[in-house]
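Please read the structure below before turning to the comments.
In our numbering, the protein residues as written are -11 to 168.
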């Protein structure tokens, strides 16, 4: 029996229901397909290693002793722990890109990416809500930009959240109402 997890990075949290269920599957061979083995932090990789049952790293105490986020200093490329991680990744990962070739032929022939823009007009009430939020966002941005106190720099996360709210309004105005 073999188990293949497609988009395996969704089980990045070791205590998630998906991760626990996947790790409990009975299989002789285990594969994970993902383009993002580490999404947020190094411990995301642990769930994948645990699923693969890659001993001794599938034991969290061992993993944490060797690859603890606090002991890994990624800015220093000579760090022995970083080299250990690189070696582990080389052992368990096969990396393929669309540009790779085998016998002078591409490994995979992907069709070109096509982007389509389909413009949809807001309903009258949606447009009022969007225009008001857009106006408030622009005014706040101007205020932060003109401030001599570095307000824009100090509030960039808030500004990005305001932009997110504008995008959410484009999906549905109730997404904004639930947040405020």
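Even for Gly, the Cβ is constructed at its ideal location relative to N, Cα and C. Note that the structure is predicted; figures quoted are calculated from it, not measured.
Can you tell me where the alpha helix (DSSP H) holding residue 145 begins and where it ends?
144 to 159
Kindly identify the DSSP beta-bridge partner or partners of residue 164.
DSSP lists no partner for residue 164.
Give the list of continuous alpha helix (DSSP H) stretches no shorter than 4 residues that lie fully inside the region 78 to 147.
112 to 134, 139 to 142
Suppose contacts are defined by Cβ-Cβ distances below 8 Å. Is residue 15 in contact with residue -1 by that definition?
no
Determine the contact status of residue 153 and residue 121, defining contact as a CB-CB distance below 8 Å.
yes
Cβ-based neighbour list, residue 167, same chain, cut-off 6 Å, excluding 5 preceding and 5 following:
Bear in mind that a pLDDT of 48 at residue 167, under 50, signals an unreliable position, so the number given afterwards is only what the model happens to contain. Correct list: empty, nothing qualifies.
Under the three-state reduction of DSSP, which class applies to residue 74: helix, strand or coil?
helix
Once you ignore the five residues that flank residue 243 on each side, which residues in its own chain have a CB closer than 6 Å to its CB?
Limits of the chain in this structure are -11 at one end and 168 at the other, which puts residue 243 out of reach.
Name the DSSP beta bridge partners of residue 190, please?
With the chain covering -11 to 168 only, the question about residue 190 has no answer from this structure.
C-beta contact flag for residue 20 and residue -7 at 8 Å
yes
Which residues in the same chain have their Cβ closer than 8 Å to the Cβ of residue 157, if we skip the five residues on either side of it in sequence?
114, 117, 118, 121, 163, 164
Residue 123 to residue 71, Cα distance in whole Å?
50 Å
On the criterion of 16 or more Cβ atoms from any shown chain inside 10 Å, does residue 144 qualify as buried, or is it exposed?
exposed
Presumed contact (8 Å Cβ cut-off) between residue 86 and residue 98, rounded CB distance:
6 Å
Where does residue 84 land, buried or exposed, given buried means 16+ other C-beta within 10 angstroms?
exposed
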